[in-house]
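Take 8 as the starting number for the sequence shown in our numbering and just add one per residue. Read through the structure below, which is laid out as C-alpha cells, and then see the notes.
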Amino acid sequence: MKKGTIRFASLLFICFTSTAMFAQLTSPKIDALMEDALKKFKVAGASIAIVKDGKVIHQKGYGVASIETKKPVNEYTNFQIASNSKAFTTAALSILEDEGKLKWTDKVKNYIPEFKMYNDYVTENFNIQDLLTHRSGLGLGVGDLMFFPDGSDFTIKDVVTSFQHFKPVSAFRTKFDYDNLLYIVAGELIAKVSGMSYEEFVQKRIIEPLQMKNSFAGSSLIKDKNSFAVSHSSESGTIKTIAGLDVQINSAAGGIYSNVADMSQWMLVCLNKGQYGAELKTTLFSSKNHSEMWRIHTVEEADPNPRYNSHFSGYGLGWGISDAKGNLKVSHTGGLPGMLSIVTMYPDLNLGIVIFTNTENGGGGLFTAVTNTISDSYLGLDDFGWTDKIVGWMQQGRDTGDDVTKKVWEKVKSSKAVKVKNEDFIGVYADKWFGEIEVFEKNKQLWFKSYRSPKLNGPMAFYNANTFAIKWEYQAMNCDAFAMFTLDETGKAQSILMKGISPNIDFSFDFQDLDLKRVNK
C-alpha cells in the first residue's frame with residue numbers, strides 16, 4: 008500500500024557517468040543478473056518481465072515462492088503489487104472521466120459528504136486529483152497505522168472521517184508527502200460513481216479486458232492461492248517467512264495481486280497510450296487522460312545524480328515522472344510486509360520493466376539494482392555494478408540503524424534498577440483517529456495494547472525520564488517504538504506521544520501522528 012520510495016535512494020547521488028558503454032542485456036545475462044542479486048540481497052524469490060517495441064522480450068521467475076514449500080517462482084507466480092495498484096486506481100478514474108461520469112476537478116465532498124479535511128478551506132476545495140497527487144498538506148504516511156500492522160478493525164468510514172484530526176505539515180498543494188489513505192478515499196469514490204465496488208470495477212473494466220487472466224483486484228476475488236508467493240524477511244540475517252498484510256477495506260492504495268506475465272499486458276497498454284488488442288483498435292482510457300496521468304501535478308526535486316542528467320521530477324496520477332538522459336521515465340514502487348515491486352517505463356524507448364520480490368529489506372535493493380542495470384543498457388550507459396554498490400549502501404544503512412537501536416536497548420538494560428511507579432502510568436488513553444489504547448500491568452511490568460490494532464501489544468521498559476521503550480510482540484517488521492508521557496503536578500500521566508525507535512522504521516508506522524490523552528473511566 009505504501010510508498011513509492013526506497014530509503015537508500017538518496018545515496019544514488021554519488022554515482023558518476025563513465026565513458027564506457029555496454030550493450031543491451033540478453034536473456035542469459037538477465038538470468039545471471041537476477042540470480043546474483045537474489046543471493047546477495049538475501050531474497051527468497053523474484054520475477055521479472057521486460058517489454059520492448061510492443062513485444063514481451065523476457066519474462067521469468069527466480070528463486071522460490073516459499074522457503075518452506077520450495078515451490079519455484081515462475082512468470083505466473085502471483086505477488087501483491089502493493090502501491091503499483093495506485094496506477095490502476097487512476098486508470099479507473101480516467102475511464103469514468105472519459106464516460107462523463109466525473110471530472111478531475113470535481114470536489115470530493117460532492118461525492119462523499121462525510122469527507123472532511125483539517126480545515127474548511129481545504130475541505131471545500133479538495134478535488135479528485137488532490138486524492139491522487141500527495142499534496143494534501145499532511146505528513147508522510149499519515150494514518151497508515153490504521154493498517155500497519157494488519158489485523159485492525161478500522162472501516163472506510165474511519166478513514167474518510169480521519170483527516171480532520173491530523174495536523175498539516177505544509178500548506179495545501181505545495182509539497183509532496185506520500186499518502187495511502189487518500190487513495191482509499193479515491194476507491195470509495197469510484198464505488199459511489201460506478202455503482203459497484205472498487206474491486207469489481209477494476210476487475211471488470213481493466214483486468215478482464217486486458218486478459219490479465221490470473222490477476223485480482225483484491226483478496227475477496229481470489230479462490231485459490233496455490234500460485235501465490237509468500238512474504239519473507241531477512242531482517243534477522245536469515246530468510247524467514249512472515250505474515251503478510253491482507254488489505255481489508257478497498258484495494259485502491261495497494262491491494263491488487265498480479266504476476267509479471269499479466270503485468271506485461273498492463274505495461275503495453277500504458278506504453279500504447281490506452282490502446283490495446285488487435286492492431287491497437289480498442290481503447291481502455293483516452294489519450295487525453297493518458298497524458299493527464301503522465302503529467303507532473305506535484306513537483307519534486309530533480310535527481311542531482313549527473314549519471315542521468317535529469318532535469319525534472321514529480322508525481323503524476325499514480326505515477327512518478329522524471330527524465331533520464333533525455334528520455335521520459337515513468338515509474339512506481341510498492342511495498343507491503345515482505346512484498347516489494349517496481350514498474351518502470353521509458354516511453355521514448357518503448358521499454359517497460361516490472362519486477363516483483365517476496366522478501367522484506369533485500370527485495371527493494373534487488374529491484375532497484377536490476378532495473379537500473381537493465382535501464383542503463385538501453386540508455387547507453389556503462390555497467391555501474393549496481394548490485395554490489397546497493398548491497399554496500401544498504402548494509403551501511405542497516406548498521407547505522409542497528410547502532411541506534413542497540414544503544415536504546417542497552418540503556419533500557421542499564422536502567423532496570425530505576426523504580427517506576429506503575430500506577431502513575433496505568434490507564435486508558437485515546438487518540439481522535441486511532442481510538443483507545445491501554446497501559447496496564449502484567450507480571451509487575453507495564454504493557455501497552457491497542458484496542459483497535461491488536462498486534463500493537465507489548466511490554467514497556469523504562470528508558471529515560473518519562474519515556475518508555477515498547478518491544479512489540481509483532482516483530483515481522485522493525486517497528487518498536489518510544490512512548491513519551493506527560494505528567495500532571497502529582498506525577499500522574501495525562502498524555503502520550505510516540506515515535507519509532509529505529510531510523511530505518513517503515514514510514515507507515517506513523518506513531519508520531521498519535522496524540523493520546525488519558526480517558527477517565
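Glycine is no exception: its CB is placed at the ideal position from the N, C-alpha and C atoms.
Checklist entry - Relative to the C-alpha of residue 409, which residue among 303, 38, 512 is closest? => result Stepping through the sequence shown from its first residue, residue 409 is reached at position 402. Nearest of 303, 38, 512 to residue 409, Cα basis: 512.
Checklist entry - Is residue 532 buried or exposed, if buried means 16 or more other CB atoms sit within 10 Å of its CB? => result The structure shown does not extend to residue 532, since the chain spans only 8 to 528, so no value can be given for it.
Checklist entry - Who are the near neighbours of residue 172 in its chain, counting only those whose CB is closer than 7 angstroms to its CB and skipping five residues on each side? => result Start at 1 with the first residue of the sequence shown, and residue 172 comes out as number 165. Correct list, in chain order: 439, 440.
Item to check | Ranges of the beta strand (DSSP E) found wholly within the region 444-519, counting only runs of at least 3 | outcome: Runs of the beta strand (DSSP E) inside the region 444-519: 452-457, 464-471, 474-477, 488-494, 500-507.
Checklist entry - So what's residue 49 in DSSP terms, helix, strand or just coil? => result On the sequence shown, residue 49 is found 42 positions in, with the first residue counted as 1. It is coil, neither helix nor strand.
Item to check | Cβ-based burial, residue 167 [other Cβ within 10 Å; buried from 16] | outcome: Locating residue 167 in the sequence shown gives position 160, where the first residue counts as 1. So residue 167 ends up on the buried side.
Item to check | Beta-carbon proximity list for residue 471, same chain, < 8 angstroms, skipping 5 on both sides | outcome: Position 464 of the sequence shown, counted from the first residue, corresponds to residue 471. Contacts found: 418, 422.
Item to check | Simplified DSSP assignment, three categories, for residue 21 | outcome: Numbered from its first residue, the sequence shown carries residue 21 at position 14. In this prediction, residue 21 scores a pLDDT of 36, lower than 50, which makes its location untrustworthy; the coordinate-derived value is nonetheless stated afterwards. Annotated three-state conformation of residue 21 is helix, per DSSP.
Checklist entry - Nearest-angstrom Cα distance between residue 318 and residue 182? => result Position 311 of the sequence shown, counted from the first residue, corresponds to residue 318. Position 175 of the sequence shown, counted from the first residue, corresponds to residue 182. Taking the straight line joining both Cα atoms gives about 18 angstroms.
Checklist entry - Which residues in the same chain as residue 521 place their Cβ atom closer than 8 angstroms to its Cβ, once the five residues preceding and following it in sequence are excluded? => result Position 514 of the sequence shown holds residue 521. Taking C-beta separations shorter than 8 angstroms and ignoring five residues to either side along the sequence, the partners of residue 521 in its chain run 152, 438, 441, 503, 504, 505, following chain order.
Checklist entry - By DSSP, does residue 297 sit in helix, in strand, or in coil? => result Taking the first residue of the sequence shown as position 1, residue 297 is located at position 290. Looking at residue 297 - three-state DSSP - the assignment turns out to be helix.
Checklist entry - Is DSSP giving residue 102 helix, strand or coil here? => result The residue you call residue 102 lines up with position 95 of the sequence shown. Looking at residue 102 - three-state DSSP - the assignment turns out to be helix.
Item to check | residue 153 - DSSP class collapsed to helix/strand/coil | outcome: For the purposes of this step, residue 153 is taken as the residue at position 146 of the sequence shown. It is helical.
Item to check | Distance between residue 253 and residue 346 (C-alpha atoms, nearest Å) | outcome: Mapped onto the sequence shown, residue 346 falls at position 339. Mapped onto the sequence shown, residue 253 falls at position 246. Distance between the alpha carbons of residue 346 and residue 253: 11 angstroms.
Next on the checklist: Check this for me: beta carbons of residue 74 and residue 51, under 7 angstroms apart or not?
Outcome noted: Here residue 74 corresponds to residue number 67 of the sequence shown, with the count starting at 1. Here residue 51 corresponds to residue number 44 of the sequence shown, with the count starting at 1. The criterion of a C-beta distance shorter than 7 angstroms is satisfied by residue 74 and residue 51.
Checklist entry - Between residue 285 and residue 83, is the Cβ-Cβ spacing less than 7 angstroms? => result Within the sequence shown, the letter at position 278 stands for residue 285. Within the sequence shown, the letter at position 76 stands for residue 83. No, the pair does not count as a contact, with Cβ atoms beyond the cut-off.
Checklist entry - DSSP three-state call for residue 172: helix, strand or coil? => result Position 165 of the sequence shown, counted from the first residue, corresponds to residue 172. DSSP places residue 172 in helix when its eight states are reduced to three.
Checklist entry - Should residue 495 be labelled buried (16 or more other beta-carbon atoms within 10 Å of its own) or exposed? => result To locate residue 495, count along the sequence shown from 1; it is residue 488. Taking all protein chains shown into account, residue 495 has fewer than 16 neighbouring C-beta atoms within 10 Å of its C-beta and is therefore exposed.
Checklist entry - By DSSP, does residue 427 sit in helix, in strand, or in coil? => result On the sequence shown, residue 427 is found 420 positions in, with the first residue counted as 1. Residue 427: coil per DSSP, three-state reduction.
Item to check | residue 209 (DSSP reduced to helix, strand or coil) | outcome: Walking along the sequence shown from the start, residue 209 turns up at place 202. Assignment of residue 209 by DSSP, reduced to helix, strand and coil, places it in the helix class.
Next on the checklist: To the nearest angstrom, how far is the alpha carbon of residue 100 from that of residue 434?
Outcome noted: By one-based count along the sequence shown, residue 100 stands at place 93. By one-based count along the sequence shown, residue 434 stands at place 427. A straight-line Cα-Cα distance of about 46 angstroms links residue 100 and residue 434.
Checklist entry - Could you give the distance in angstroms between the alpha-carbon of residue 169 and the alpha-carbon of residue 65? => result Working through the sequence shown from its first residue, we reach residue 169 at position 162. Working through the sequence shown from its first residue, we reach residue 65 at position 58. A direct Cα-Cα distance of roughly 44 angstroms separates residue 169 from residue 65.
Next on the checklist: Give me, in chain order, the residues of the same chain whose beta-carbon lies closer than 6 angstroms to that of residue 516; leave out the 5 immediate sequence neighbours on both sides.
Outcome noted: Start at 1 with the first residue of the sequence shown, and residue 516 comes out as number 509. For residue 516, same chain residues with a beta-carbon under 6 angstroms away, outside a window of 5 residues either side, are 155, 486, 507 in chain order.
Checklist entry - I think residue 194 touches residue 205, with their Cβ atoms under 8 angstroms apart; what is that distance to the nearest whole Å? => result Along the sequence shown, one-based indexing puts residue 194 at 187. Along the sequence shown, one-based indexing puts residue 205 at 198. The C-beta separation of residue 194 from residue 205 comes to about 4 angstroms, placing the pair in contact by the 8 angstroms criterion.
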